[in-house]
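Residue numbers (the numbering used here): 27 to 100. Note that the Cβ used here is the ideal one computed from N, Cα and C, for glycine as well. If you're wondering where the values come from, they're calculated on a predicted model, not measured in any experiment.
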């Protein structure tokens, strides 16, 4: 409990740092945010597109194959 009180007191009496944060930190943050967003969209697109792709392959396989279902190229 004493440790928590000490940390709170030290946080309350802290002075302003008045430090300059250059544009590199913001550009790095935006780059990592962009990577997360693109990754999320790709994963979401893959999950949503999977049933469509499965149905498309099933339709193509059913339309062009014979009753045996064997592929002569394989």
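Indicate the three-state DSSP secondary structure (helix, strand or coil) for residue i in the structure shown.
i: residue 39; result: coil
i: residue 27; result: coil
i: residue 48; result: coil
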